[in-house]
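S.K.: With the working numbering, letter number 227 in the sequence shown gets 253, and the count goes up by one each step, no holes.
Glycine included, each C-beta is placed from N, C-alpha and C at the ideal position.
Predicted model only: the values in this text are computed from it and were never measured.
This structure is in structure tokens; I'll ask about it shortly.
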Amino acid sequence: MALASLIAPAAFPLQLACEFQTLFILISALLLTIGVYRNFLHPLSQIPGPCSLRLSSLPLLWRSYAGTEATFLTRLFAETNAPILRIGPNEVLLADGVALAPIYSTDGGFPKAACYRNFDIDGFPSLFSALDKGYRAPRAKSVVPMFATAALRKGESSVRSVAARLVERLEGEKRKGGRVDVLDLARSTAKLRRLGDWGRKGAKDGSKLSASEFVNAFVGVGRFFFLPNWAFMMLDKVAGYLFETPETLESFDSVQVFVEDLVNEADVEDGTYQARMLKLGLSKKEVAAQMKDLVFAGTDSSGMNLSTFCWQLAKHADIFAKVTAEVRQAKNDNAEYDPSTLPYLRACLRETLRLSMANPTRLPRVVPEGGWIYTPSADFSFTGQILQVSKSYFLPAGTLVSLQIHTLHHNPAVFPDPYEFRPERWLDSPPDQLEKMSRNYIPFGLGSRQCIARNLAMMELNRSCAAILESDVLDGARNVGDRIEILEWFNSKVRGERIEIEFQHNQSD
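In structure tokens:
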């Protein structure tokens, strides 16, 4: 017995070590089995893609957080010249514009992936985040008529006044000389005036709302967009506790009060955005949440597009001279001209939207029951070299599938010199090339889930850019920096949060 008591204490650490060793072997065997299955036996194993992405979603989630995902994936297509890549254990990304229609528009497109619910607001699915088509359809249908061309023309005076105000502010900055942050200027000039004018009948010109931090917070959570919802919610709570500032809280409170006032003041017969949703029978809380979605969607992208236009024209003096001459000639010929009919201005705006990319990254959908067979277009290329052997790919039901705007808009076989601002491409390209360009060009998305306010966004952009060119406010301006660098989150964010042009001091004196 005494001998046994001496041996037992020494045996316990040995037994514990054996148990840890067994556990390590079991975990290693499990990981090896998963790795072998995902790499060689999975239904998607025949689709090319980096081994690290085939094995785990973590590498791509990290790149999404770092804001480099879109460029990384576009570079993979350039290296492989493949129309399809496996970018996760159960996810593929396509670079072939022919796949846009079946995935996003034909018969309503494939269902949205679960990660869209990460952008619910106050517990309500928004028009953007809703997964159920039956839930979204009546809500979208109630407000879509507001954004029809005929309806927008009735409120065009408001858009003109915003454009005039922007020019006035640019002229004031020009008189001071030096650098001007046109991103901040474009956002602040029209910030929520659109919501006031389109959401409140008879809104006053003085309607103001501090929403900068609100918008920035929404942009910031885009880095976590692709996380599973449980992880997103947990991280969102932690981030809010650790990083929420008094300015952010004040901005959120300001937006909350503003949208609640709009909802409470609404008459269900007055035709405003919130009135139409209330008439549908939605609760005031849900309508307020839908209004917040409108605040975000209508503020960030418009500022990005307009400031990119100004920066590009300041960089390219020849393009600036040509489009300015076109606009001023149209103004001389007819004071009530329609800017959207001017070919070169239209080409400049298309090129602006191609490069500004408010949403540069992938737009995931779920392959429906029965699976989907993807057959690449016969002339697909990402490098200029047509594939010699083409084959079809079967994607099982439940596979995540997407295309991303960054890749579509920067395919050199579709857009030669894709990183260059070249409006002429939209005017001089052969018909077959122009067809490919138009197919790949999706600044507002595609199908029934594309941006419902795209007509309003284009009216604002046309009127604002035309007003700038009618004046001499950009004469002599120069761009600051060689390029506009963005963090490629779901909603892009300009690095440094500034897009600048520069005027010489006292240039206009």
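Based on Cα-Cα distance, which residue from 438, 513, 393 lies nearest to residue 420?
M.R.: When each option's Cα is compared against that of residue 420, the closest is 393.
S.K.: How about residue 406 and residue 416: are their beta carbons less than 9 Å apart?
M.R.: Result yes, Cβ atoms of residue 406 and residue 416 sit closer than 9 Å.
S.K.: Just to confirm my understanding: we take residue 243, look at its own chain, exclude 5 residues before and 5 after, and list those with CB closer than 7 Å. What are they?
M.R.: Correct list, in chain order: 274.
S.K.: Does DSSP put residue 153 in a helix, in a strand, or in coil?
M.R.: Three-state result, residue 153: coil.
S.K.: Taking residue 364 as the reference, which of 261, 143, 488, 46 has the closest Cα?
M.R.: For residue 364, the nearest C-alpha among the options comes from 488.
S.K.: Using 10 angstroms around the beta-carbon of residue 329, count the other beta-carbons present and answer buried if the total reaches 16, otherwise exposed.
M.R.: Residue 329 is buried by the Cβ-count criterion.
S.K.: Please determine whether the Cβ atom of residue 75 lies at a distance below 8 Å from any heavy atom of the ligand PLP.
M.R.: The ligand PLP is not part of the structure shown, which contains no ligands of any sort.
S.K.: Are the CB atoms of residue 460 and residue 369 within a distance shorter than 9 Å?
M.R.: Cβ distance not < 9 Å, so residue 369 and residue 460 don't count as in contact.
S.K.: Please report how far the alpha carbon of residue 213 lies from the alpha carbon of residue 519, in whole angstroms.
M.R.: If you take the alpha carbons of residue 213 and residue 519, they lie about 13 Å apart.
S.K.: Taking all protein chains shown into account, do 16 or more other C-beta atoms lie within 10 angstroms of the C-beta of residue 498, making it buried, or fewer, making it exposed?
M.R.: Residue 498 is exposed by the Cβ-count criterion.
S.K.: Write down every uninterrupted run of the beta strand (DSSP E) in the region 366 to 443 whose length is 3 residues or greater and which is fully enclosed by it, in chain order.
M.R.: Within the region 366 to 443, the complete beta strand (DSSP E) runs of at least 3 residues are 398 to 400, 419 to 421, 426 to 429.
S.K.: Judging by CA-CA distance, which residue of 120, 106, 303 is the nearest neighbour of residue 431?
M.R.: That would be 120, whose Cα lies nearest to the Cα of residue 431.
S.K.: Does the distance from the C-beta atom of residue 26 to that of residue 90 stay below 9 Å?
M.R.: Because the chain is modelled from 27 through 535, residue 26 falls outside the range shown and cannot be assessed.
S.K.: Using DSSP's beta-bridge definition, name the partner residues of residue 519.
M.R.: According to DSSP, which records beta bridges pairwise, residue 519 is partnered with 513.
S.K.: Which residues mark the beginning and the end of the alpha helix (DSSP H) in which residue 527 is found?
M.R.: Taken as a continuous stretch (DSSP letters only), residue 527 belongs to no alpha helix (DSSP H), being part of the beta strand (DSSP E) at 526 to 529.
S.K.: DSSP state of residue 448, grouped into three classes?
M.R.: If DSSP states are grouped into helix, strand and coil, residue 448 belongs with coil.
S.K.: Ends of the alpha helix (DSSP H) at residue 273?
M.R.: Element bounds for residue 273: 272 to 291.
S.K.: Take residue 512 and list the residues in its own chain whose beta-carbon comes closer than 8 Å to its own, dropping the five residues that flank it on each side.
M.R.: So the list reads 93, 383, 386, 518, 519, 520, 521, once near-sequence residues are dropped.
S.K.: Could you check which residue in 145, 42, 321 has the C-alpha nearest to that of residue 479?
M.R.: Minimum Cα distance to residue 479 is reached at 321.
S.K.: Smallest Cα separation from residue 569: which of 95, 106, 111, 251?
M.R.: Residue coverage of the chain in this structure runs from 27 to 535, which leaves residue 569 outside it and unanswerable.
S.K.: Evaluate residue 48 with the Cβ neighbour count: other Cβ atoms within 10 Å of its Cβ, from every protein chain shown; 16 or more gives buried, anything less gives exposed.
M.R.: Label assigned to residue 48: exposed.
S.K.: Given residue 409, which residues of its chain have a CB within under 8 Å of its CB, disregarding the five upstream and five downstream residues?
M.R.: Answer for residue 409: 104, 107, 438, 439, listed in chain order.
S.K.: Alpha carbons only, please: which of 80, 239, 327 is nearest the one belonging to residue 269?
M.R.: Closest option to residue 269, Cα to Cα, is 239.
S.K.: Just mark residue 339 as buried or exposed, buried being the case when its beta carbon has 16 or more other beta carbons within 10 Å.
M.R.: The residue in question, residue 339, is buried, as its Cβ has 16 or more Cβ neighbours within 10 Å.
S.K.: Do residue 391 and residue 139 have their C-beta atoms closer together than 9 Å?
M.R.: The answer is yes: Cβ separation under 9 Å.
S.K.: Distance check for residue 473 and residue 131, CA to CA, integer angstroms please.
M.R.: Answer to the nearest angstrom: the Cα atoms are 4 Å apart.
S.K.: Per the DSSP calculation, residue 1 is bridged to which residue(s)?
M.R.: The structure shown does not extend to residue 1, since the chain is modelled only from 27 to 535, so the question has no answer here.
S.K.: Rounding to the nearest angstrom, what Cα-Cα distance links residue 577 and residue 294 in this structure?
M.R.: Residue 577 is absent from the structure shown; the chain starts at 27 and stops at 535.
S.K.: If we count the other Cβ atoms within 10 Å of its Cβ and call it buried at 16 or more, is residue 377 buried or exposed?
M.R.: So residue 377 counts as buried.
S.K.: Closest to residue 435 by CA distance: which of 402, 388, 350, 284 is it?
M.R.: Residue 435 has its Cα closest to that of 388, out of 402, 388, 350, 284.
S.K.: Is residue 53 helix, strand or coil by DSSP?
M.R.: Residue 53: helix per DSSP, three-state reduction.
S.K.: Taking the alpha carbon of residue 277 as the point to measure from, which residue in 509, 318, 133 has its own alpha carbon closest?
M.R.: If we check each option's Cα against that of residue 277, 318 comes out closest.
S.K.: Please state the DSSP three-state secondary structure of residue 204.
M.R.: Three-state result, residue 204: strand.
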